[in-house]
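**Q**
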Amino acid sequence: MRWQTTAVLAIVLVALGAFYYVFEIRQGPEREKAESRKGRVWTADTADVQELTIERPGDSLKVRREGNAWQMLEPVKTRGDRGKIEDVLTTILTARSDREIAASPGSVAEFGLDKPAAKIAMKLKDGKDLGLTLGAKSPTGVWVYARETAKPAVFVVGDSVLRDATLPAADFRDKTLLAFDRKDVTAMDIVTRDDSITLEGADGKWRLTRPIALAADTETVTDFLDKLAAAKIKEFVAEAPRSLEPYGLEHPLHVDIHTGKEKDRATKSLLFGRIDADKKGVYAMRPGESTVLLVPEDVWNAVPKTVATARNKSVIDFDRDKVSRLELESPKGTVTLTRDKGSWRITAPEALPADQTEAGAVLFKLRELKAQAFLAEDPAGIPRFLAKPEVQITVTEEGAATPKTVLLAPSPERRGGQPSAYAAMAGRGPVVLVDAKALSDLSRSVNDLRDRTLVSGLEPKNVQRMRVRAGDKSVLVERSGDTGWKTLEPKRASAKSAKVEDLLYGLRSLKWKEIVAPAGEEPARYGLAPATMEVTLYRADGSEIATVLIGKKEGEREYVKSKAAPPIYAIDPKELGELPKVPDDFLG
Numbered sequence: 089m090r091w092q093t094t095a096v097l098a099i100v101l102v103a104l105g106a107f108y109y110v111f112e113i114r115q116g117p118e119r120e121k122a123e124s125r126k127g128r129v130w131t132a133d134t135a136d137v138q139e140l141t142i143e144r145p146g147d148s149l150k151v152r153r154e155g156n157a158w159q160m161l162e163p164v165k166t167r168g169d170r171g172k173i174e175d176v177l178t179t180i181l182t183a184r185s186d187r188e189i190a191a192s193p194g195s196v197a198e199f200g201l202d203k204p205a206a207k208i209a210m211k212l213k214d215g216k217d218l219g220l221t222l223g224a225k226s227p228t229g230v231w232v233y234a235r236e237t238a239k240p241a242v243f244v245v246g247d248s249v250l251r252d253a254t255l256p257a258a259d260f261r262d263k264t265l266l267a268f269d270r271k272d273v274t275a276m277d278i279v280t281r282d283d284s285i286t287l288e289g290a291d292g293k294w295r296l297t298r299p300i301a302l303a304a305d306t307e308t309v310t311d312f313l314d315k316l317a318a319a320k321i322k323e324f325v326a327e328a329p330r331s332l333e334p335y336g337l338e339h340p341l342h343v344d345i346h347t348g349k350e351k352d353r354a355t356k357s358l359l360f361g362r363i364d365a366d367k368k369g370v371y372a373m374r375p376g377e378s379t380v381l382l383v384p385e386d387v388w389n390a391v392p393k394t395v396a397t398a399r400n401k402s403v404i405d406f407d408r409d410k411v412s413r414l415e416l417e418s419p420k421g422t423v424t425l426t427r428d429k430g431s432w433r434i435t436a437p438e439a440l441p442a443d444q445t446e447a448g449a450v451l452f453k454l455r456e457l458k459a460q461a462f463l464a465e466d467p468a469g470i471p472r473f474l475a476k477p478e479v480q481i482t483v484t485e486e487g488a489a490t491p492k493t494v495l496l497a498p499s500p501e502r503r504g505g506q507p508s509a510y511a512a513m514a515g516r517g518p519v520v521l522v523d524a525k526a527l528s529d530l531s532r533s534v535n536d537l538r539d540r541t542l543v544s545g546l547e548p549k550n551v552q553r554m555r556v557r558a559g560d561k562s563v564l565v566e567r568s569g570d571t572g573w574k575t576l577e578p579k580r581a582s583a584k585s586a587k588v589e590d591l592l593y594g595l596r597s598l599k600w601k602e603i604v605a606p607a608g609e610e611p612a613r614y615g616l617a618p619a620t621m622e623v624t625l626y627r628a629d630g631s632e633i634a635t636v637l638i639g640k641k642e643g644e645r646e647y648v649k650s651k652a653a654p655p656i657y658a659i660d661p662k663e664l665g666e667l668p669k670v671p672d673d674f675l676g
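Take the sequence shown: its position 289, counting from 1, is numbered 377 in this note's numbering, and each next residue is one higher.
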């Protein structure tokens, strides 16, 4: 190819590239924008509108932009709902003139424009005014007759314009109950007819400072603040009513939410009145405003209205990760557990591996122990209610100066029709009522807390081979890939992998209910001499992991043992389910 030809081609390519850049990259967005505006009544955008007025039969709506927000000026002065206002503006500004009906009609009555359904006026930032009058719907109901302000032509626009223009004025109002950022709240005052409560927060914790200094229930406080911050007004009930008595607001419950500190401190307030059960809400007002509001009932239910509601109801507080020792005394005996490197072990009355889940459950239930009522504030009440505790639990934390002990005893009192128990921190108080279930939940025996897994630490992925015997029949299976299995005996074939995995995972989770023969005495009595089934697990190097003997079933019991240890155990027959037939159920 000659250099002249190459040069011409290069020039053509450069020209095409320049054309593409100018036409598609530079002019494309503007062309698309112009295309999208084709047929629209106006070319203005929502951001251009400074003020919107809509006159309807019976009322008038007026809103004005203030920075990034909107203020309603009519029918009442209040905050506007930015989202709703701008949605309506978008509908109006993107309205398209579908077709012109009459360029200069002699009468507009036939189009319903003599008594308009709505008159829309918009003032733009550049001072320009836009207006649209909406009349009746067309016979099909899909279109609405309209004309621009000061222009004679009648045309039709989509009925969505009329729908949005005639929305109730309340739809344009901001329905945020109280605007505040939950994380900025530093204090809260709640004034009722009977009490004045002050709560102060710092570092995620809350304290009562009035009328008494106490730790607060942080969960209760944050739940209320979360609900209040997220709450939306259900209904604007009345504007400046002559009497507040029908709404229970003549003597309201007063809530002040304080954000920031010192010179940056700001306060948002709310007044609560009576509950309207039919509307599932509570009447409320914001101080300085004349509108009665209907607020979701769950906000009212979350208000910590009394010291008893606001105070910390935990019987004992501790850092679960720092607990190093647990001592339990109950009718089931005395048990001591210690934690080393994150694992629990039973150290008394004998050294045994502990069930990590059960040990953790004790700590969880202890920490979740909540007061239903407060009976005595100081330790002086302990001898009266807890002279003979039925359950006693001592918690030792790393770095703590002294252990903490919880005392529990049955109580004749009932709460909500349910039995209760007395509880207190030894030497500290207060004495409280708790759910009586705590007595059984925290009464744990050695057998309840010890590791009752028959084959401890069994990892199915480490099992390379498994032999299953039943009577004079047996099958030997070997792993083939991550989840596949094959049989080696009585013949080489693919195995039913699901059946192998079911048995393997059943053995891993197998837990006994009780020890029926500690020394393995009389194995024939339990169907273990010979065993109904014998399962041996092997590692990849051929070494034995464990052999499990499965005996007979008797009602709600099935007997098992590990070949390596003497005890015979009873398990729930549901643990293993129906035993597989050997070798048929394993052969593919």
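C-beta atoms are modelled at their ideal positions from N, C-alpha and C, and glycine is treated no differently.
1. Curious, which full-length alpha helix (DSSP H) runs of at least 4 residues does the segment 436–511 contain?
2. Is DSSP giving Val380 helix, strand or coil here?
3. Only counting the same chain, and skipping five residues up and downstream in sequence, which positions put a Cβ closer than 7 Å to that of Ala607?
4. Spell out a yes or no on whether the segment 242–256 and the segment 160–179 are touching, meaning 3 or more CB-CB pairs, one atom from each, closer than 8 Å.
5. From the DSSP output, in three-state form, read off Ala586 for me.
6. Could you tell me the distance, in whole angstroms, from the CA atom of Thr134 to the CA atom of Thr306?
7. Using the three-state DSSP reduction, which class does Ile99 fall into: helix, strand or coil?
8. How would you write the range of the beta strand (DSSP E) that Thr310 sits in, first residue to last?
9. State the DSSP-derived secondary structure class of Lys351, mapped to helix, strand or coil.
10. Could you tell me which residues DSSP puts in a beta bridge with Asp147?
11. Keeping to the same chain, check which residues put their C-beta closer than 6 Å to that of Lys150; ignore five residues upstream and five downstream.
12. Tell me the start and end of each unbroken alpha helix (DSSP H) in the segment 565–636 that is at least 4 residues and wholly inside, in chain order.
13. Using the three-state DSSP reduction, which class does Ala206 fall into: helix, strand or coil?
14. Within its chain, find whatever has a CB closer than 6 Å to the CB of Ser568; leave out the 5 residues flanking it on each side and keep chain order.
15. Counting beta carbon pairs with one atom in the segment 617–628 and one in the segment 511–519, are three or more of them shorter than 8 Å?
16. Roughly how many whole angstroms lie between the Cα atoms of Leu549 and Arg555?
17. What are the residues that DSSP puts in a beta bridge with Ser650?
18. In chain order, what residues of the same chain have a beta carbon less than 7 Å from the beta carbon of Ile656, not counting five sequence neighbours either side?
19. Excluding sequence positions up to five away, which residues of its chain have a Cβ less than 6 Å from the Cβ of Ser431?
20. What do you get for Ser48, buried or exposed, if any count of 16 or more other CB atoms within 10 angstroms of its CB means buried?
21. If you run the structure through DSSP and keep just helix, strand and coil, what is Leu667?
22. Beta carbon of Val129, beta carbon of Thr379: below 8 Å?
23. Return the residue from the list Asp386, Pro467 and Arg580 that minimises the CA-CA distance to Leu495.
24. Residues in the same chain with beta-carbon distance under 6 Å from Leu425, minus the five sequence neighbours each way, listed in chain order, please.
25. Can you give me the Cβ contacts of Leu637 inside the same chain, cut-off strictly under 7 Å, excluding the 5 residues immediately before and after it?
26. Output the boundary residues of the alpha helix (DSSP H) element that contains Thr178.
27. Exposed or buried, Glu123, counting other C-beta atoms within 10 Å across all chains shown (16 or more means buried)?
28. Please state whether DSSP places Glu644 in a helix, a strand or coil.
29. Measuring straight from C-alpha to C-alpha, what distance separates Phe268 and Glu143?
30. So, for Glu188: in the same chain, excluding its five sequence neighbours on each side, which residues have a beta-carbon less than 8 Å away from its beta-carbon?
31. Tell me, please, which residues DSSP counts as bridged to Val519.
32. Measuring straight from C-alpha to C-alpha, what distance separates Asp673 and Lys584?
33. Pick out whichever of Gly336, Asp386 and Ala234 has its Cα sitting closest to the Cα of Asp202.
34. Cα separation between Gly369 and Val391?
35. Just verifying my parser: in three-state terms, what is the DSSP assignment at Ala253?
36. What does a CB cutoff of less than 8 Å around Gln506 pick up in its chain, not counting 5 residues either side in sequence?
**A** Here's the rundown:
1. 444–455 and 470–474, all fully within the segment 436–511.
2. For the purposes of this step, residue 380 is taken as the residue at position 292 of the sequence shown. DSSP places Val380 within a strand segment (E or B) once states are collapsed to three.
3. Counting from 1 along the sequence shown, the entry for residue 607 is found at position 519. If we look at Ala607 and ignore the five residues flanking it on each side, its Cβ neighbours are Pro654.
4. With the cut-off at 8 Å, the segment 242–256 and the segment 160–179 touch.
5. Residue numbering aside, residue 586 sits at position 498 when the sequence shown is read from its first letter. Assignment of Ala586 by DSSP, reduced to helix, strand and coil, places it in the helix class.
6. As a first step, residue 134 must be located in the sequence shown, where it is residue number 46. As a first step, residue 306 must be located in the sequence shown, where it is residue number 218. Looking at the two C-alpha atoms, the distance is approximately 44 Å.
7. Working through the sequence shown from its first residue, we reach residue 99 at position 11. Reduced to three states, the DSSP call for Ile99 is helix.
8. Residue 310 sits at position 222 when you count from the first residue of the sequence shown. If you look at Thr310, you'll find it isn't in any beta strand (DSSP E); it sits in the alpha helix (DSSP H) that goes Thr306 to Ala318.
9. Here the question's residue 351 lines up with position 263 in the sequence shown. DSSP places Lys351 in helix when its eight states are reduced to three.
10. Taking the first residue of the sequence shown as 1, we reach residue 147 at position 59. According to DSSP, residue pairing for Asp147 in a beta bridge involves Arg144.
11. Within the sequence shown, residue 150 is the residue found at index 62, counting from 1. Cβ within range, chain order: Thr141, Leu161 and Glu162.
12. The qualifying runs are 585–596.
13. The sequence position of residue 206 within the sequence shown is 118, counting from 1. Ala206: strand per DSSP, three-state reduction.
14. For this step, residue 568 is matched to residue 480 along the sequence shown. Hits under 6 Å: Lys574.
15. Cβ pair count under 8 Å is below three, so no.
16. For the purposes of this step, residue 549 is taken as the residue at position 461 of the sequence shown. For the purposes of this step, residue 555 is taken as the residue at position 467 of the sequence shown. According to the sequence provided, residue 549 is Lys. The question's Leu does not apply to it. So the alpha carbons of these two residues sit roughly 16 Å apart.
17. Within the sequence shown, numbered from 1, the residue matching residue 650 stands at position 562. Within the DSSP secondary-structure output, Ser650 pairs in a beta bridge with Val636.
18. Within the sequence shown, numbered from 1, the residue matching residue 656 stands at position 568. Around Ile656, the same chain offers Val604, Ala605, Gly608, Pro611, Tyr614, Leu616, Tyr647 and Lys649 as residues with beta carbons nearer than 7 Å, after the five sequence neighbours per side are excluded.
19. Taking the first residue of the sequence shown as 1, we reach residue 431 at position 343. Around Ser431: no qualifying Cβ.
20. Given that the chain is displayed from residue 89 to residue 676, the structure contains no residue 48 and the question cannot be resolved.
21. If you number the sequence shown from 1, residue 667 lands on position 579. Leu667 falls in the coil class under three-state DSSP.
22. Within the sequence shown, the letter at position 41 stands for residue 129. Within the sequence shown, the letter at position 291 stands for residue 379. Contact flag unset, no.
23. If you number the sequence shown from 1, residue 495 lands on position 407. That would be Pro467, whose Cα lies nearest to the Cα of Leu495.
24. As a working note, residue 425 is residue 337 in the sequence shown. If we look at Leu425 and ignore the five residues flanking it on each side, its Cβ neighbours are Leu414, Trp432, Ile434, Ala442 and Ala447.
25. Mapped onto the sequence shown, residue 637 falls at position 549. Cβ-Cβ distances below 7 Å link Leu637 to Leu616, Ala619, Glu622, Val648, Lys649 and Lys651 in the same chain, with the five nearest sequence neighbours on each side left out; the list follows chain order.
26. Residue numbering aside, residue 178 sits at position 90 when the sequence shown is read from its first letter. It spans Arg170 to Leu181 - the alpha helix (DSSP H) in which Thr178 sits, taken as one unbroken run.
27. Reading the sequence shown from its first residue, position 35 is the one you call residue 123. With a pLDDT of 45 at Glu123, under the threshold of 50, the predicted position of this residue should be treated as unreliable, though the coordinate-derived value follows. By the 10 Å Cβ count, Glu123 comes out exposed.
28. Mapped onto the sequence shown, residue 644 falls at position 556. It is coil, neither helix nor strand.
29. The residue you call residue 268 lines up with position 180 of the sequence shown. The residue you call residue 143 lines up with position 55 of the sequence shown. Computed Cα separation, rounded: 33 Å.
30. Counting from 1 along the sequence shown, the entry for residue 188 is found at position 100. Only Ala241, Val242 and Phe243 meet the Cβ criterion.
31. In the sequence shown, counting from the first residue as 1, residue 519 sits at position 431. Bridge partners of Val519 according to DSSP: Ala464.
32. Residue mapping note: residue 673 aligns to position 585 of the sequence shown, counting from 1. Residue mapping note: residue 584 aligns to position 496 of the sequence shown, counting from 1. For Asp673 and Lys584, the gap between their C-alpha atoms comes out near 7 Å.
33. Your numbering for residue 202 matches position 114 in the sequence shown. Cα-wise, what sits closest to Asp202 is Ala234.
34. Taking the sequence shown and counting its residues from 1, the one referred to as residue 369 is at position 281. Taking the sequence shown and counting its residues from 1, the one referred to as residue 391 is at position 303. One C-alpha to the other measures close to 14 Å.
35. By 1-based counting over the sequence shown, the position of residue 253 is 165. Annotated three-state conformation of Ala253 is helix, per DSSP.
36. In the sequence shown, counting from the first residue as 1, residue 506 sits at position 418. Closer than 8 Å at Cβ, skipping near neighbours: Asp523 and Ala524.
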